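Enquirer: My numbering numbers the first residue of the sequence shown as 946 and each following residue consecutively.
Positions of the beta carbon are idealized from the N, C-alpha and C atoms, including for glycine.
Source: prediction; values computed, not measured.
Below you will find the structure I want to go over with you.
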Amino acid sequence: MTQIPALTLRPATVADAPLLAAMHAASWQATYRALLPAAFLEREVDAERSAYWRARMEAPGGDRRLVLIAELASGAAVGFVCVERQPGSPWGVLLDNLHALPAHQGIGVGKRLMRAAQDWARAQGETQLYLYVLDGNTPAIAFYERQGWTYSGSEPDRMGGIDITALRYVYRLDGE
């Protein structure tokens, strides 16, 4: 696997909400073609993710969350991660989003973002992270399992106007 030596991570700001939304929508459009309705991916996902990221980045509680953008030396954004402490959660810190743009998958972007999320959670005194991945998203499931995440259950959810199953994976920080 080729690593990207010039990859840098920077904290996202409120002004980055449109960039986060664009990367998130592009990732879903490439990844969820067989899992979500085409009409949602083609006509609704851009506006839906735009509203989501605008609200998320403006929401209070920014001290409980870390959003990082991965950039190449050229300044081109190639992915992002969002991790958030969930007070009272039995599962630990939520790795809510981890996306590498399709053209930059398989070259270390996701691993670098995941490591930053793990380091942040550890610095918060946490011992475990969790995430949800769509049932049927085989490439993402395989990626998480290769990184040491373990399946811990599933939950019904709704996305793109349809019922889906979200698989929960956990990662223990103690023992590394």
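To the nearest angstrom, how far is it from the Cα of E1071 to the Cα of V959?
Expert: So the alpha carbons of these two residues sit roughly 26 angstroms apart.
Enquirer: So, with DSSP's three-state summary, where would you put D1080?
Expert: Three-state result, D1080: coil.
Enquirer: Consult DSSP for I1052 and reduce its assignment to one of helix, strand or coil.
Expert: Looking at I1052 - three-state DSSP - the assignment turns out to be coil, as it is neither helix nor strand.
Enquirer: My output table needs one value for D1102: the three-state DSSP class, helix, strand or coil.
Expert: The answer is strand: DSSP assigns D1102 an E or B state.
Enquirer: Using 8 angstroms as the threshold, is the C-beta distance between P1101 and T1110 below it?
Expert: A contact, by the Cβ cut-off of 8 angstroms.
Enquirer: Do G1020 and L1046 have their CB atoms nearer than 8 angstroms?
Expert: Their beta carbons are not under 8 angstroms apart, which means G1020 does not touch L1046 by this criterion.
Enquirer: Specify whether the stretch 1053-1065 and the stretch 957-972 touch according to this definition: at least 3 beta carbon pairs, one from each stretch, less than 8 angstroms apart.
Expert: No contact exists between the stretch 1053-1065 and the stretch 957-972.
Enquirer: Let me know if E1029 comes out buried or exposed under the rule of 16 or more other beta-carbons within 10 Å of its beta-carbon.
Expert: Burial call: buried.
Enquirer: With Y1114 as the anchor, note down where its beta strand (DSSP E) starts and where it stops.
Expert: Element bounds for Y1114: 1107-1117.
Enquirer: I'd like the list of long-range same chain contacts for N1042, defined as Cβ closer than 6 angstroms, with 5 residues on each side in sequence excluded.
Expert: Result list for N1042: C1027, in chain order.
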